[in-house]
Amino acid sequence: MKKILIIKHGSLGDIISATSVLKDIRDNYLKDEIIILTSSKYKFFFLDSFLVNKILIDDRKGLLASISLVNKILKMNIDLVINLQNSRRTTIYELCFRLFTSAKINGTSIFSTSRYLLSSGNLPSVIDGLSNQIELLNIKCRRKPYLDWLNNHSFDFNKIDHKRLIIVNPGCSRNNIQKKWSSEKYSAICKVLISKNILPVLIGSKEDQESINFIEKKVKNVLNLCNKSPLNVVYQLSQKAIGAISNDTGPAHLIAASGCKIHLVLSSFSNVQTVIPQGDNVTYTQKRNIDNILPEEIINKLEMIFKI
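Using this note's numbering, read the sequence shown as starting at 87 and increasing by one per residue.
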């Protein structure tokens, strides 16, 4: 039995995109032990997915912690390292594997034994880039996220008596405030949806509570699932919804992966070729300054795309 180490960090959107190749790797190495090196916040995500056998935590807390972690991994007799990162830190990890082990390394750095060269002038989407990389290991790739396991914990849809609903995801990471469309404008969208007898379902984490509470105060009869919308709930809601509207955030990738139609409100800080979710069900409105996008523009798009 081989021991395979996968290295993957990043945003929620990055992790969701990576499930595409994680499923491909799992299918190709069914009888082998797959270990993932990732952040602690994704521990239960990967435990529930059954895509890996073991999880190692790397919260990147400094030099001494990294040295201790690398020493631990070097003693594990890893046969194959698949580095799905492009960071300086994981390049150093690869160097350690080259110097002190006989492990094969699949990655993008100069220390990879099967190296995928990224073209700086024509970057592929995240999923295509990761798929191209592991195809060097003769792994057949699906090129779409694998999230079916999120249906294992079912959501009680009896709580929603509307037959028609649209997911509204108005939040955004505090590190990317330039990607956030205003709560005032999302409120205007919700008012129109309610006038059409469509239930706006507001999703988000504790970080998004201020934005969602603002909308709820402005608009009666929305469904507020702020801090009550873990990944499995969002995924299952997406399978029932007419569509979704969202900023460029991690949950947008989750919604798109379900097959739900989603319209993104974007600033120039979002690269539509590489970073946002890809697919026929994904559309977007983009302006250099996201504040210049008017609610009327979005309503017109939603009416056309969602046929409402």
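C-beta: ideal position from N, C-alpha, C; glycine also.
Residue i, DSSP secondary structure in three states
i    : result
L340 : helix
S135 : helix
K158 : helix
L251 : strand
N357 : coil
N218 : helix
L209 : coil
I225 : coil
K127 : helix
I143 : strand
N172 : coil
K387 : helix
D366 : coil
P231 : coil
F183 : helix
D100 : helix
F392 : coil
D113 : helix
P256 : coil
S106 : helix
D242 : coil
Contact belief for residue i with residue j at Cβ below 8 Å, rounded distance in angstroms
i    : j    : result
K129 : Y232 : Rounded, the Cβ-Cβ distance is 18 Å, inconsistent with contact.
A342 : N310 : Incorrect: roughly 23 Å between the Cβ atoms, too far for contact.
N157 : C258 : The Cβ separation is near 38 Å, so there is no contact.
D165 : K89  : 5 Å
V107 : S217 : 6 Å
D377 : S268 : 7 Å
I159 : I220 : Their Cβ separation, rounded to whole angstroms, is 20 Å, which puts I159 and I220 out of contact at 8 Å.
S344 : Y321 : 5 Å
When the options are compared against residue i, the one with the closest alpha-carbon
i    : options                : result
P256 : I275, I153, K249       : I275
I111 : L137, T177, F131, N244 : L137
S324 : F132, L203, P286       : P286
D242 : A343, S188, K314       : K314
H339 : T176, M162, S354, T369 : T369
S126 : L98, T105, D118        : L98
C346 : L352, K277, Q364, K271 : Q364
R374 : I153, M390, N357, S240 : N357
I225 : E389, I102, N114       : N114
L288 : A330, N318, S200       : A330
I252 : E383, S173, S281, D214 : S281
Q264 : S154, S354, V320, K303 : S354
A189 : M162, S206, N172, Q372 : M162
I92  : N139, N318, I196       : N139
S273 : N307, N261, N244, S240 : N307
R260 : I121, K387, L116, T335 : T335
N238 : F131, G215, I196, I348 : F131
Residue i - partner residues in DSSP beta bridges
i    : result
S200 : N192
T371 : V351
K89  : E119
L166 : I90, K190
heavy atom of the ligand SAH below 7 Å from residue i C-beta
i   : result
K94 : The ligand SAH is absent from the structure shown, which contains no ligands of any kind.
Next on the checklist: At 3 residues or longer, what runs of the beta strand (DSSP E) sit wholly inside the segment 263 to 346?
Outcome noted: Counting only runs of 3 or more, we get 285 to 290, 309 to 312, 329 to 332.
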